[in-house]
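> What follows is a structure written as structure tokens; I'll ask about it next.
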Amino acid sequence: MAFKILWAVMLPTLVTLASARTTGTAIYQPLTTVKGAGPPPPPRPTSSSHVTASTNATTTAGTPSVSITSAATSTVTALARRADAITAVAPSASAYALNSTFSINSDAVTRTYDWTIATATGSPDGFTRNHITINGQMPGPLIEANEGDTLVVNVQNNMDDTTSIHWHGIIQNGTAWMDGVPGVTQCPIPAGGNFTYTFTLAQYGTYWYHSHSAVEYTDGLLGPLIIHSVNDPLVRGTDFDYEQVMIVQDWYHDEASTIAADLLNGGYNGSPAAPPPQSGLINGKGVFNCSQLTDTSTCTTPSVPEYTVEPNAKTRFRLINGGSHAQFYFSVDSHTVNVTEADGTPVSGADSVHRVPFHNGQRYSAIIDTTVGSAGDAYWLRATMNTDCFAYTDDTLNTTAFAILRYGSTSTSDPTSSDWTDVLPDACVDLDDDQLSPIVVKDAPATSDKTIAFDSSFGAVEISGTDYLRFLVNDTSYTNYIYQPIMEAVTANGTSAVNASNVANAVFEDSVWTGDVIINNLDANLDHPYHVHGNDFQVVGRGTGTLSIADAASQSYNLTNPVRRDTVVIPGGGYAVLRFANDNPGVWVLHCHIAWHLAEGFLGLIVSNPTSIAAFDYPDSLTELCDARPSTVSIDATEAGRKRSEADSLARVMKRGVMGHSHWSKKRMIRHRL
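Numbering (mature numbering (1 follows the signal peptide of the UniProt record, and there is no 0)), first residue to last: -20 to -1, 1 to 654.
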């Protein structure tokens, strides 16, 4: 596949844009903000009512009800309203306030959820557009469980498009086929079809779920997944008193499929770079400045979400960046934050910070001590985008999503508080690794049995004689053949079945116990949040420039209790070294979690323990998904809509042999390593 780097040539184009932009008939007007000064509070609705929740709320009308019995074999069924309505709603603020009566125990149960995925019309930030809902809401229902529980999620797809659900950060040891990645671990769930995800939770912390089909999660197909444990060193009543889940996401007024299609075919709004959003949402609610529209008929000013906290208490905010492009800074005026969790790992070291940066896919727990004010006081809670993470900004961008943090419920006045005065950093980076020391100490293995490298870059790919801008991993832009799951091919024919011309890949054989993955970000001007499926890893090294496999042998790494996570930001022109235990057989994807970059081919594969994969015992339902491919859709269909050339298709068939889908029936093998 022909390839050449064009970043230096394209940079002027990325930063030269028109000052106005059109979406349908809506013309946007400039909105002035100053970096570091903090944007003005949001415009108020004509009705001054707020969406209110207490962080120790129990249930409210419309919230799914859950009944639990103590028997280990019991089934916990979440009953939720189906999404038959045309109008979508955001979850009530109390729906994501974790109930203090939830029983945290080691008595494993099965929790069953029935979901209907459908498109609906809504106005999350005041601007009306179509988006995707689960049981009528966006973001989707909260899943709250204990370590050791089994989840059974019945998904009915009522959309016109295929879909899937990925369980972000869930290890899936022994159930790799439930990872939810079409073209890798499964065929997609067809329009009008259904599929049941079943897996056991072998970890604890803050996680989330989202579609891994095309760019659907950008349009709202996402939700929170919280796992408690008796083993969690962070204890309610000691380290914190109340818990509030907070999904922050960037929000676009064009549908994601439109943006992705344009980016794949020359550029969106005159630029080949991923665009900035129009606004941000906190738990599905935001405020777009409707005055930016010359035609305001499709825009109304919504209420600002409000979160009521008890004075003189500690509230744990479980932060999830469910966005597609923006890194956010979480802050509360006049309140410092203690960071106690990073991507499911309890940590210490980031105390009394003003702001917490978190990029796409990352999660943090931030504890707020409510001793600053008294009952009735109110403060602005802010999720502010780091504009340095964008290739460009334009006049449509509202950089901050607001909520109100109120002490008690004796007042309804708006806050008069001010943002922190320190200027936001220019860099698009993680919290310093030294500030994220795992509480449960685990030193990294002294050596690695095998080291591989993934080099990511932005350049041109020749397709049928024409150059298209794409992201590449090891000079290969990922082509996703959604009806040819790669893990199935590995089960049947081994690692030779992975077509290296379609996807960069690395194999960690069954004899490898510890592996190192070097990621070199060759894009000097682009920072990326890299997410690895099926593993958490230890960040043992970082640096600027590139690191080769040969040079890695002489590197000095941080082996003393390094941070463990599943999503890491690597600045432009930098690298990171990720060390992991090769104890989870499967085909796992590594990709940039900026949705637009992934749509443009930014993905590689890690094949772990191929001999064990050959013994997998897949459920029949996976075969049924592949058999549900419409007769009008080619076996060579891709998410981008391209068809494989006849010669390439023939070569792949000959390589695979007579495989079919009968090989979904091999025996499963789970490896356990100390």
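Where is the CB? At the ideal position from N, CA and C, for every residue including glycine. Here the structure is a predicted model, which means the values were calculated and not measured.
In its own chain, which residues sit with a C-beta less than 6 Å from the C-beta of residue 180, not counting the 5 before and 5 after it?
130
> Output needed for residue 424: all residues of its chain with C-beta closer than 6 Å, excluding positions within five of it in sequence on either side, in chain order.
Once the five neighbours on either side are set aside, the close Cβ partners of residue 424 are 518, 520, 539, 542, 559.
> Pairing CB atoms from the segment 135 to 145 with CB atoms from the segment 92 to 99, are three or more of them under 8 Å?
yes
> Report back the beta-carbon spacing between residue 225 and residue 206 to the nearest angstrom; my notes put them in contact at under 8 Å.
6 Å
> Should the segment 604 to 618 be called in touch with the segment 491 to 507, which here means at least 3 C-beta pairs below 8 Å?
no
> For residue 585, report the span of its alpha helix (DSSP H) as first-last.
Where residue 585 is concerned, there is no enclosing alpha helix (DSSP H), although the beta strand (DSSP E) it sits in stretches over 583 to 588.
> Measure the beta-carbon distance from residue 210 to residue 80 and round it to whole angstroms, keeping in mind my assumption that it falls under 8 Å.
With 8 Å as the limit, residue 210 and residue 80 do not qualify as a contact, their Cβ atoms being about 16 Å apart.
> Hey, how far is the Cα of residue 260 from the Cα of residue 490?
Distance between the alpha carbons of residue 260 and residue 490 is about 44 Å.
> Cutting at 7 Å between CB atoms, please list the residues of its own chain near residue 312, excluding the five before and the five after it.
Same-chain partners within the cutoff: 348, 359, 361, 385.
> Could you tell me the alpha carbon to alpha carbon distance between residue 614 and residue 459, rounded to whole angstroms?
15 Å
> With DSSP as the reference, label residue 435 as helix, strand or coil.
strand
> Where does residue 369 fall in DSSP's three states?
helix
> Is residue 459 helix, strand or coil by DSSP?
Coil at residue 459, not helix or strand.
> Span of the alpha helix (DSSP H) holding residue 576?
575 to 579
> Note the first and the last residue of the continuous beta strand (DSSP E) segment covering residue 572.
566 to 572
> Just reading off the beta strand (DSSP E) that residue 238 is part of, what are its end residues?
It is not in any beta strand (DSSP E) - residue 238 instead sits in the alpha helix (DSSP H) that spans 236 to 244.
> Which runs of the beta strand (DSSP E), 3 residues or longer, sit entirely within the segment 303 to 334?
Within the segment 303 to 334, the complete beta strand (DSSP E) runs of at least 3 residues are 308 to 312, 317 to 322, 325 to 333.
> Among 272, 531, 193, 451, which one has its Cα closest to the Cα of residue 507?
451
> Between 400, 611, 220, 307, which has its C-alpha nearest residue 291's C-alpha?
220
> Compute the Euclidean distance between the alpha carbons of residue 318 and residue 617, then round it to the nearest angstrom.
48 Å
> Rank 160, 153, 373 by C-alpha distance to the C-alpha of residue 255 and give the top, closest one.
Here the closest residue by C-alpha is 373.
> Would you tell me roughly how many angstroms separate the C-alpha atoms of residue 480 and residue 463, rounded to the nearest one?
So the two alpha carbons sit approximately 18 Å from each other.
> Quick check on this structure: which residue in 107, 298, 473 has the alpha carbon closest to the alpha carbon of residue 321?
298
> The beta strand (DSSP E) with residue 178 in it runs from where to where?
174 to 180
> I need the straight-line Cα distance from residue 536 to residue 435, nearest angstrom please.
21 Å
> Below 8 Å, how does it come out for the segment 588 to 606 and the segment 182 to 189: are there three or more Cβ pairs, yes or no?
With a cut-off of 8 Å, the segment 182 to 189 and the segment 588 to 606 do not count as touching, because too few Cβ pairs lie within range.
> Hey, how far is the Cα of residue 326 from the Cα of residue 411?
Cα atoms of residue 326 and residue 411: separation of roughly 14 Å, rounded to the nearest angstrom.
> Round the Cβ separation of residue 406 and residue 368 to the nearest angstrom and send it over; I've been treating them as touching at under 8 Å.
5 Å
> Would you check if there are 3 or more beta carbon pairs closer than 8 Å linking the segment 282 to 296 to the segment 152 to 159?
no
> Looking at the secondary structure, which residues open and close the alpha helix (DSSP H) in which residue 139 lies?
Run containing residue 139: none; DSSP gives neither H nor E here.
> The beta strand (DSSP E) that contains residue 227, what's its start and end?
222 to 231
> Flag this pair as yes or no: are the beta carbons of residue 227 and residue 383 separated by less than 7 Å?
no
> Between the alpha carbons of residue 200 and residue 530, how many angstroms are there, rounded?
Counting only the Cα atoms, residue 530 lies some 43 Å from residue 200.
> Can you tell me which residues form a DSSP beta bridge with residue 296?
Residue 296 pairs with 223, 347.
> By a C-beta neighbour count over all protein chains shown, 10 Å radius and 16 as the cutoff for buried, is residue 446 buried or exposed?
exposed
> Report the rounded CA-to-CA distance for residue 638 versus residue 469, giving the unit in angstroms.
Reliability of the predicted coordinates at residue 638 is poor, the pLDDT of 30 falling under 50, and the value obtained from them is presented with this limitation in mind. So the alpha carbons of these two residues sit roughly 11 Å apart.
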